[in-house]
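Report on the structure given below.
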Amino acid sequence: MTGSRFASGGLIDRKKPITFQYDGMRVQGFAGDTIASALMASGHQIVGRSFKYHRPRGINSAGPEESGALFTVGDNANRTPNVKGTIAEIHDGLIVRSQNAFPNVRYDVGAVNGLIAPFLTAGFYYKTFVGPFSGTRFWMMFEYFIRKAAGLGVASRDADPATYDIAHHHCDILVVGAGPSGLWTAVQLAEAGQSVMLVEQDFACGGQLLSRNNARDAAFIAEMQSRLTRAGGRIMVRTTAFGLYDGLVTGLVERVTDHLSAPHESLPREIFHIVRPQQIVLASGALERGLAFGNNDRPGVMLAHAVARYAGRFGVSAGQSCIMATSHDGTYDDALQLAEAGMQICVLDARPCHTDAQEAAKRVGLDILFETVPVQVAGGRGVAGLEVGMCDSDGVVHSDNRMIGADVVGMSGGYSPVVNLLSHRGVKPVWDADIQAFRTGPTTEAIQVVGSADGFYDNEACLASADVAVSHILRPRRRDAETDIFRGWQTPAMPLFEINIQGRSLKSFIDPQHDVTTADIRQAHSEGFVSVEHMKRYTTLGMATDQGRMGNILGLATMAEARNMPIAESGITTFRPPFTPVSIGVLAGRSSGADWWPTRRTPMHDTHLSAGAAMMDAGYWKRAWYYPQNGETMDDAYIREAAIVRQTVGMVDVSTLGKIAIQGPDATEFLNQIYINAFAKLPVGKARYGIMLRDDGHVMDDGTTWRLSDDEYFMTTTTAQAGPVMLFLEELLQTRMTNLEVHVSSVSDYWAGIAVAGPLARQVLTGALPALDWSNDAFPFMGVQSAELNLGGAVIPFRAARISFSGERAWEIYVPADFGNVVWAHLAEHVALAGGSPYGMEALGTLRIEKGHVTGAELDGRVTLEDAGFARMASKTKPYIGSVLRKRPGLMDEARPSLVGIFPKDRSKQFGTGAILCEPGAVSGFGKGWITAVTHSPAFGHWIGLGFVSGGYDAWHDKTVMIADPVRGVTIEGEIVSPHMFDPEGGRQNG
Amino acid sequence: MLRLDCPVCGLRDHDEFTYLEDGSITYPKLTNENQDDWFDAVYLRENPRGRHVEKWHHTFGCRTVLLVERDTLTHVIGKIKPAHPKIAAALKQPATAKKRS
Ligand SMILES: [Zn+2]
Chain X
0 MTGSRFASGG LIDRKKPITF QYDGMRVQGF AGDTIASALM ASGHQIVGRS FKYHRPRGIN
60 SAGPEESGAL FTVGDNANRT PNVKGTIAEI HDGLIVRSQN AFPNVRYDVG AVNGLIAPFL
120 TAGFYYKTFV GPFSGTRFWM MFEYFIRKAA GLGVASRDAD PATYDIAHHH CDILVVGAGP
180 SGLWTAVQLA EAGQSVMLVE QDFACGGQLL SRNNARDAAF IAEMQSRLTR AGGRIMVRTT
240 AFGLYDGLVT GLVERVTDHL SAPHESLPRE IFHIVRPQQI VLASGALERG LAFGNNDRPG
300 VMLAHAVARY AGRFGVSAGQ SCIMATSHDG TYDDALQLAE AGMQICVLDA RPCHTDAQEA
360 AKRVGLDILF ETVPVQVAGG RGVAGLEVGM CDSDGVVHSD NRMIGADVVG MSGGYSPVVN
420 LLSHRGVKPV WDADIQAFRT GPTTEAIQVV GSADGFYDNE ACLASADVAV SHILRPRRRD
480 AETDIFRGWQ TPAMPLFEIN IQGRSLKSFI DPQHDVTTAD IRQAHSEGFV SVEHMKRYTT
540 LGMATDQGRM GNILGLATMA EARNMPIAES GITTFRPPFT PVSIGVLAGR SSGADWWPTR
600 RTPMHDTHLS AGAAMMDAGY WKRAWYYPQN GETMDDAYIR EAAIVRQTVG MVDVSTLGKI
660 AIQGPDATEF LNQIYINAFA KLPVGKARYG IMLRDDGHVM DDGTTWRLSD DEYFMTTTTA
720 QAGPVMLFLE ELLQTRMTNL EVHVSSVSDY WAGIAVAGPL ARQVLTGALP ALDWSNDAFP
780 FMGVQSAELN LGGAVIPFRA ARISFSGERA WEIYVPADFG NVVWAHLAEH VALAGGSPYG
840 MEALGTLRIE KGHVTGAELD GRVTLEDAGF ARMASKTKPY IGSVLRKRPG LMDEARPSLV
900 GIFPKDRSKQ FGTGAILCEP GAVSGFGKGW ITAVTHSPAF GHWIGLGFVS GGYDAWHDKT
960 VMIADPVRGV TIEGEIVSPH MFDPEGGRQN G
Chain W
0 MLRLDCPVCG LRDHDEFTYL EDGSITYPKL TNENQDDWFD AVYLRENPRG RHVEKWHHTF
60 GCRTVLLVER DTLTHVIGKI KPAHPKIAAA LKQPATAKKR S
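Protein chains in written order, with numbering that gives the first Met the number 0: chain X, 0 to 990; chain W, 0 to 100.
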């Protein structure tokens, strides 16, 4: 085949030449060309190599069903593999590369795979995984060479520089497909007052009408478009409906910039449109399918209608002389159109001459051979000719060794309605023998199927089917009687899928991209993979980027024949989204990089930054990690900060803690039911440390709850569990505790929290917040008080509780979030005057590890009260959430790992989080426990840790434990100590 | 995408909601100390093919806990009502509420 451009015609703009690069060559086309039409017009015939055998591949369609003309488009980070050249438009400067070939498609060393073809049959990959080569290096060897030689294009390893967006839509009617049926439906509905969105994957509306390029069709398309726009309808081209989901939610991808040579920088490359229509009309059309005959994958063998479409739409002649092999009337329009355009045409019709279309074509002098089918293509790199055979009425073929010269073969085994989108909704397609194709089955959802998508191939029938759908939508109560619009063609198509000749072994491809032949299907059958779903996976039929649009039915027919049952019974595989490949980037939209998830900043965020804080991520939060001074390392900084808290005073931002207002007459009873410890007798003006369990008896969270008045409490949760705890409390109050009159509201974002801790905390607070008496008598441990701060004319309310996470004399101060910064700065002045400093998360961690206070590292959802050493806190006199299931025997087992402190035996040694704890001489397996947190303790002057070990302190206090860190390859000896390592009597916090 | 018609907020995408659990579960009273009763409620689920009552929480909306009927086979959503009987009852009388206001 050597394609060329006709002197005139086509929907291209010959005044707008476009130059692009193909494998380093300059190729010229025109505005309105696709990559495929421009390459064909320039005489390029081999445009790719197949996946497995590296057989040469040409352009074989003119749409999304393409399996040959797949290219890598763009350069460097902008490279996109597997772009269908039959869809992608050209623009100046476009860079196109062929795929799957080295050094290029014309000379490919991988073609040697074709010579070892017997090795690479169906199921080859699976067979190398299992015997007889299992466990050997055999697969490794094959895998290395196959991976190197195969692969469907190569994606860039760089981050995608393109931007993407997500848009949301609501409309009355979504119409998918802007062929004649879709246009007609959309116009009528829009003019009846419905809000209509019409989406079309092509860059032009018109569908099949574009192939003919006649004035009447062009006028129809233009009129429909302008009427739809005037009626308020929205037309979106270059937009693919790739998936249909529950509630009629439809996913569309709009290609915004790929066709532009210099897109404006503000434009996203693609937009993911999420549409929520009231009703859907599917006018998604039908795709032509090929025939299985020998070497039907040669460049130059195409779908019959595609040959006509290249001529009509793009003004491109696929070759000089073309054989059109068909089994139905639909090909005659194509053949006549091509003959008129000046191509030499010979039609092979598998049927005897008996239909009107055949007679009409004969009358105008079209060269037709009846009862004749293609047998085998001659020629290696293109079509040199076609061996044909006689086909009797039972479909049995006899070769008479006739050869017909031609450089293009158009083939058509009929059309298959695009049933994919309804298949996404779980609607099984049903076989329609009249049109020899699967049509969509009945659906209970508000979805109508019109035009060739429902098997109506005649243009008038298409529009009539659209009228019926419009009537159903506009007048749902008036059920029109079943109409008698005919499907398919006036004369039913002849079932013809594979041309087989007794005693001949033909290489007949049904999936040219994955190199699946009819012989592979028969092999799958003989090995027992007879269900179409098994056959698909075993042979990989239809699993390439084209999803087997051209050949799936041929495979199904071959299997049905092998099983000796009708196609209707052997069935069809399930289609799943996406309809065509979708870039991952567009599904993410703007949620990438820093916007991957929300960023939460505390009210004092900027103050920490200006104090030079290094920040860390804690879930969504940014928290001050440490405040390095004079070029300190992190270790220097946190050890200094932790030491200052023990020596003088420090302050830390605790705004991230969850805060929940609990109000109502039954608030006390509610707390009594959700906490393991008693809250019934907590007086106003006091706080209590509480622990809550899940229903299954494991620890959910801990925190302090302050009693502000008889019926109001202020609960704090850990940062990580703030959301889950809030949700759990709401769930309880709305489901299992509906008798309680309690209201909970999250007030986490309303309060900024600052903890002031250290021996000089009282002195600092007395100076900074003089409205309260901070003495031990007036403000004892666990006391709660509220007051106001007069600061520069502003009256700032605050609440304070004397609670300590660090083990020092400490208070937590909460002020309205808007005052967080000024109060922090105010306190920081007083802290500095007392010789103190702010401290970050790392020092906070050190202080709490020294005290054996647990956090999320210990309370990981698998821990019981006994494990964490809280069992003594649990009330024995009241029930609470989790009180029954926590007593299950497995959870009460004394051998369970429980919380301990860990010292290195050699105090100069360091160890790490995640290390496992083992018995000496038994450093293996999962060990007897693990380490959850470590720090260098300034109080002890060496590394210390927290962890869990089987049997706990009692079992280990006089033994050596091995701290094994196989990841870092270090094992040292350690001692198990009480988790309350520093100031176990609590004298520092209570004084 | 499932869409749930929240009786408070209206028709919303399911990603505004949090699935909680099987809505047909009745938890034992807190005072019930029978481990088997609690074990059944916490762990045992029917996983029916067809109609299923589920608890959903309108997390990015009104934060109501809802009882949602969903067909596990077709994803068709049936009745939706607040789990709290008093909230459900209050929502059933919108006419009176409107008259008053
Ligand atoms: Zn709601």
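We treat Cβ as the ideally placed atom computed from N, Cα and C, and that holds for glycine.
Output needed for residue i: all residues of its chain with C-beta closer than 6 Å, excluding positions within five of it in sequence on either side, in chain order.
i	result
Arg-548(X)	Glu-64 and Leu-286
Gly-381(X)	Met-0, Gln-44, Pro-298 and Gly-299
Gly-176(X)	Ala-282, Ser-283 and Gly-284
His-423(X)	Gly-242, Leu-243 and Pro-576
Asn-59(X)	Gly-67 and Met-301
Met-992(X)	Lying outside 0 to 990, the shown extent of chain X, residue 992(X) is not represented and no answer is given.
Gln-357(X)	none
Gly-554(X)	Ile-509, Ile-520 and Leu-540
Gly-92(X)	Ser-260
Gln-277(X)	Asp-171
Ser-805(X)	Val-644, Ala-756 and Leu-846
Ser-210(X)	Ala-307, Arg-308, Gly-311 and Arg-312
When you compare only the Cα positions, how much space is there between residue i and residue j?
i	j	result
Leu-3(W)	Lys-908(X)	58 Å
Gly-31(X)	Gly-284(X)	21 Å
Thr-239(X)	Gln-662(X)	52 Å
Thr-544(X)	Asn-81(X)	7 Å
Arg-599(X)	His-53(X)	53 Å
Thr-63(W)	His-56(W)	6 Å
Ala-377(X)	Gln-546(X)	28 Å
Ala-1025(X)	Ala-492(X)	Shown here, chain X extends from 0 to 990; a query on residue 1025(X) therefore has no answer.
Thr-579(X)	Val-186(X)	27 Å
Gln-672(X)	Tyr-879(X)	5 Å
Gly-205(X)	Ser-451(X)	13 Å
Gly-22(W)	Arg-885(X)	24 Å
Gly-192(X)	Ala-230(X)	8 Å
Ile-89(X)	His-258(X)	6 Å
Over the uninterrupted alpha helix (DSSP H) stretch that includes residue i, give me the two end residues.
i	result
Asp-431(X)	Looking at the DSSP string, Asp-431(X) is not in any alpha helix (DSSP H); the run it does join, the beta strand (DSSP E), is 429-431.
Lys-85(W)	84-90
Pro-723(X)	721-733
Gly-986(X)	986-989
Leu-188(X)	179-190
Met-542(X)	No alpha helix (DSSP H) contains Met-542(X), which DSSP labels as neither H nor E.
Note down, in chain order, each residue of its chain lying with its Cβ closer than 7 Å to the Cβ of residue i, except the 5 sequence neighbours on either side.
i	result
Asp-355(X)	Gln-489
Met-872(X)	Ile-675, Asn-676 and Ile-690
Pro-577(X)	Phe-241 and Gly-242
Glu-729(X)	Val-743
Ala-719(X)	Gly-618 and Gly-855
Sorted by chain position, which residues of the same chain lie with C-beta nearer than 8 Å to residue i's C-beta, five sequence neighbours on each side aside?
i	result
Thr-912(X)	Ala-856, Ile-930, Thr-931, Ala-932, Val-933 and Gly-944
Arg-861(X)	His-697
Pro-351(X)	Phe-369, Glu-370 and Ser-392
How far does the beta strand (DSSP E) with residue i in it reach, from first residue to last?
i	result
Leu-843(X)	Not the beta strand (DSSP E): Leu-843(X) falls in the alpha helix (DSSP H), residues 840-850.
Asp-12(W)	9-12
Asn-789(X)	783-790
His-51(W)	50-56
Tyr-749(X)	It is not in any beta strand (DSSP E) - Tyr-749(X) carries neither H nor E in the DSSP assignment.
Per the DSSP calculation, residue i is bridged to which residue(s)?
i	result
Cys-345(X)	Ile-322(X) and Asp-366(X)
Asn-77(X)	DSSP output for Asn-77(X) lists no bridge partner at all.
His-935(X)	Trp-942(X)
Cys-390(X)	Val-396(X)
- Any residues whose CB sits closer than 5 Å to a heavy atom of ligand 2? List them in chain order? This structure simply doesn't include ligand 2; it includes ligand 1 instead.
- Query: Counting only runs that start and end within the stretch 614-688 of chain X, where is the alpha helix (DSSP H) found for 4 or more residues in a row?
  - Reply: 633-646 and 666-673
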